[in-house]
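J.: The structure follows.
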Amino acid sequence: QKEVEQDPGPLSVPEGAIVSLNCTYSNSAFQYFMWYRQYSRKGPELLMYTYSSGNKEDGRFTAQVDKSSKYISLFIRDSQPSDSATYLCAIRNAGNMLTFGGGTRLMVKP
Amino acid sequence: SAVISQKPSRDICQRGTSLTIQCQVDSQVTMMFWYRQQPGQSLTLIATANQGSEATYESGFVIDKFPISRPNLTFSTLTVSNMSPEDSSIYLCSVLTGEYGYTFGSGTRLTVV
């Protein structure tokens, strides 16, 4: 079993839709939870960062963490074609090491 | 957050040769990381490079194949040695800056023919 599992997609939605991206993890020692966005031919860029259970909102993006279920989600409201990218969940342990999920490719169609 | 310049952005290399990838950061950072991202896959950590010490390699990666230099707090290189087509991948450097920040370079797209 991989330490971090992510729905692979690809996910295709119409513009304006609500998008839900999900990951599960196995190691309860993981402490910090991140979502990265990666456009084609670019490096990943940090979207959201959280360390506690609950929701964290930033504009159209909401990160949700449920430590009891070892489940993290990223919601995108009013999705735009510019949101089309690969989204990677990443979890960090106390030793500053990141473990990435496999990535979900999202396509938002105008 | 830090700004990373990674070179080259892409290269096509003959099997059996070596390629050195450079990563320059605009600020001093303690920890630098090298990742591999195979086509359609997620990121896999190759090694952690701290200035003044030997790089720490993850399982499945060895120094003879992926030698790393870290001469100062703003620069690192990764060499992919004796390349084969299986080494075709995107190689990314990353730095840890501040409380949150893992910043990534734009990557080196390597094709081995």
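As given, the protein sequences belong to chains X and D, one line each in that order. Using our numbering, read the first sequence as starting at 1 and increasing by one per residue. Using our numbering, read the second sequence as starting at 1001 and increasing by one per residue. Heads up, the beta-carbon is just placed ideally off N, CA and C, and yes, glycines get one too. Owing to the predicted nature of the structure, the values given are computational and were not obtained by experimental measurement.
1. Would you mind stating whether X:L47 and X:F61 have Cβ atoms separated by less than 9 Å?
2. Cβ closer than 9 Å: which chain D residues qualify as neighbours of X:K42?
3. Determine whether the Cβ of D:Q951 lies closer than 9 Å to any Cβ atom of chain X.
4. Name, please, each residue of chain D whose Cβ falls closer than 7 Å to the Cβ of X:F100.
5. Taking 8 Å as the cut-off, does the segment 1004 to 1011 of chain D touch the segment 54 to 74 of chain X (at least 3 CB pairs, one atom from each stretch)?
6. Buried or exposed, going by whether 16 or more other CB atoms sit within 10 Å of the CB of D:P1039?
7. Given that X:N96 touches chain D, what residues does it touch there, using C-beta distances under 7 Å?
8. Looking at the structure shown, is D:S1053 part of a helix, part of a strand, or coil, going by DSSP?
9. Taking all protein chains shown into account, decide if D:T1048 is buried (16 or more other Cβ within 10 angstroms of its Cβ) or exposed.
10. Can you tell which of X:W35, X:E15, X:K70, X:Q38 has the C-alpha that lies nearest to the C-alpha of X:A29?
11. Could you compute how far the alpha carbon of D:R1036 sits from the alpha carbon of X:S84?
12. In chain D, which residues lie with their C-beta within 8 Å of the C-beta of X:L74?
13. Return the chain-ordered list of same chain residues with a C-beta closer than 6 Å to the C-beta of X:F100, the five sequence neighbours on each side being excluded.
14. With a threshold of 9 Å between beta-carbons, can X:P107 be considered close to chain D, or not?
15. If you run the structure through DSSP and keep just helix, strand and coil, what is D:D1087?
16. Please identify the residue among X:G9, X:W35, X:V19 whose C-alpha is closest to the C-alpha of X:R92.
17. Which residues in chain D have a C-beta closer than 8 Å to the C-beta of X:L11? List them in chain order.
18. Assuming D:C1013 and D:L1110 are in contact, meaning their beta carbons sit under 8 Å apart, how far apart are those beta carbons, in whole angstroms?
19. Can you check which of these residues, D:G1107, D:L1092, D:T1103, D:S1088, is closest to D:V1113 by C-alpha distance?
20. Ordered along the chain, which non-local residues of its own chain (more than five positions away) have a Cβ less than 6 Å from that of D:V1095?
21. Does the contact criterion of 3 or more C-beta pairs under 8 Å hold for the segment 94 to 108 of chain X versus the segment 50 to 60 of chain X?
22. If you follow the beta strand (DSSP E) that D:N1072 is in, where does it begin and where does it stop?
23. At the level of alpha carbons, what is the spacing between D:L1019 and D:N1050?
T.: Considering the structure as presented:
1. By one-based count along the first sequence, residue 47 of chain X stands at place 47. By one-based count along the first sequence, residue 61 of chain X stands at place 61. Cβ atoms of X:L47 and X:F61: closer than 9 Å.
2. Taking the first residue of the first sequence as 1, we reach residue 42 of chain X at position 42. Going along chain D in sequence order, the residues near X:K42 (Cβ under 9 Å) are F1104, S1106, G1107.
3. In this structure chain D extends from 1001 to 1113, so residue 951 of chain D is not present and cannot be described.
4. The residue labelled residue 100 of chain X in the question sits at position 100 within the first sequence. Residues of chain D passing the Cβ test: S1042, L1043.
5. no
6. To locate residue 1039 of chain D, count along the second sequence from 1; it is residue 39. Burial call: exposed.
7. For this step, residue 96 of chain X is matched to residue 96 along the first sequence. Under the 7 Å cutoff, chain D gives M1031, L1096.
8. Translated into the one-based positions of the second sequence, residue 1053 of chain D becomes position 53. Three-state DSSP puts D:S1053 in coil, outside helix and strand.
9. Taking the second sequence and counting its residues from 1, the one referred to as residue 1048 of chain D is at position 48. So D:T1048 ends up on the buried side.
10. Here residue 29 of chain X refers to the residue found at position 29 of the first sequence. Nearest C-alpha to X:A29: X:K70.
11. What you label residue 1036 of chain D is simply residue 36 of the second sequence in a count that begins at 1. What you label residue 84 of chain X is simply residue 84 of the first sequence in a count that begins at 1. Spanning the two alpha carbons is a distance of roughly 22 Å.
12. For the purposes of this step, residue 74 of chain X is identified with residue 74 of the first sequence, where counting begins at 1. Within chain D, no residue comes near X:L74; the closest Cβ sits about 15 Å away, beyond 8 Å.
13. Within the first sequence, numbered from 1, the residue matching residue 100 of chain X stands at position 100. L88, A90, listed in sequence order.
14. Locating residue 107 of chain X in the first sequence gives position 107, where the first residue counts as 1. Here the sequence assigns Met to residue 107 of chain X, which means Pro is not the residue at that position. For X:M107, the answer is no, since every Cβ of chain D falls outside 9 Å of its Cβ.
15. Position 87 of the second sequence, counting from 1, holds the residue named residue 1087 of chain D. DSSP places D:D1087 in helix when its eight states are reduced to three.
16. The residue you call residue 92 of chain X lines up with position 92 of the first sequence. Cα-wise, what sits closest to X:R92 is X:W35.
17. Position 11 of the first sequence holds residue 11 of chain X. Under the 8 Å cutoff, chain D gives no residues; its nearest Cβ is about 15 Å from X:L11.
18. The count along the second sequence starts at 1 and reaches residue 1013 of chain D at position 13. The count along the second sequence starts at 1 and reaches residue 1110 of chain D at position 110. Rounded, the Cβ-Cβ distance is 7 Å, consistent with contact.
19. Taking the first residue of the second sequence as 1, we reach residue 1113 of chain D at position 113. The shortest C-alpha separation from D:V1113 is found at D:S1088.
20. To locate residue 1095 of chain D, count along the second sequence from 1; it is residue 95. Counting only Cβ-Cβ distances below 6 Å, and skipping sequence neighbours, we find A1002, V1025, V1029, M1032, T1103.
21. no
22. As a position in the second sequence, residue 1072 of chain D is number 72, starting the count at 1. Per DSSP, D:N1072 belongs to the beta strand (DSSP E) from 1068 to 1072.
23. Counting from one through the second sequence, the residue named residue 1019 of chain D turns up at place 19. Counting from one through the second sequence, the residue named residue 1050 of chain D turns up at place 50. Looking at the two C-alpha atoms, the distance is approximately 21 Å.
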